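Below: one structure, written as C-alpha cells.
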C-alpha cells in the first residue's frame, strides 16, 4: 500500500512538472515582423477584390430583404416578417388572454402555455397558431386547440375539443387582421 502511494505521489509530481514546462514554453516569444506579412519578393502585394452584386443573392429574409415599412411592391403581405404581419399581429391580439410560450414571427408559429379559465378551473386550454403565408387570405391561418380536464386525483387528462372551436378562433383572427389592414390603408 505504501509503495502504491509513493508511485502515485511521483506520478503527480511528474505531471505537475510537465504541465508547468508546457506553460512556460507557451510564454516563449517569437518576434513577428512586418516582413512576415509581406510577399516573398519583399514588396507589397496588391489584394484583388471582386464586386458582389447583393441584389442577386438569396437570403434568409427572402426576396427584397428586410422591409420594415412596406412599399408599393409588397401587395397585401403586410411588412417585414416571414408571414403576413396583419395575421401575426391579429393572432397575438386575439390570444392575448393566454400566456405565450413561444412565438416565431419568421416561421409563423405561436404556441401558448396552458390556460385555465376562471369560470372553469378544472379544465385548461392550449393553442398552437400557424400562419401559413404572406398573403392575407382566409386559409392563411390555422389554429390547433388542445383541452385537458382535471380528474378527482388532480391529474390532467386530455379531452376532446369541438372542431368549430379552432374555426371560431381563426375567424376572430381574420376579422382582427382585416381591421388592422383597413386602419393601415386609411392612414
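Residue numbers (this note's numbering): 1206 to 1392. Don't be surprised by glycine CBs; every beta carbon is placed ideally from N, CA and C. Note that the coordinates shown come from a computational prediction; the quantities given were computed from them, not determined experimentally.
The beta-bridge partner set that DSSP reports for residue 1317 consists of 1305.
The beta carbon of residue 1303 is closer than 6 Å to those of 1317 and 1320 in its chain, skipping five residues each way along the sequence.
Between the region 1289–1297 and the region 1377–1384, the count of C-beta pairs closer than 8 Å reaches three or more; the two stretches touch. Taking C-beta separations shorter than 6 Å and ignoring five residues to either side along the sequence, residue 1344 has no partners in its chain.
Burial state of residue 1334 is buried, judged by a 10 Å Cβ sphere holding 16 or more other Cβ atoms. C-alpha of residue 1307 to C-alpha of residue 1375: approximately 19 Å in a straight line.
At a Cβ-Cβ threshold of 7 Å, residue 1305 and residue 1328 do not count as neighbours. Beta-bridge annotation (DSSP): residue 1330 is paired with 1320 and 1352. Around the CB of residue 1292, 16 or more other CB atoms lie within 10 Å, so the residue is classed as buried.
Counting only residues of its own chain and dropping the five nearest sequence neighbours on each side, residue 1363 has a CB closer than 8 Å to the CB of 1351, 1352 and 1353.
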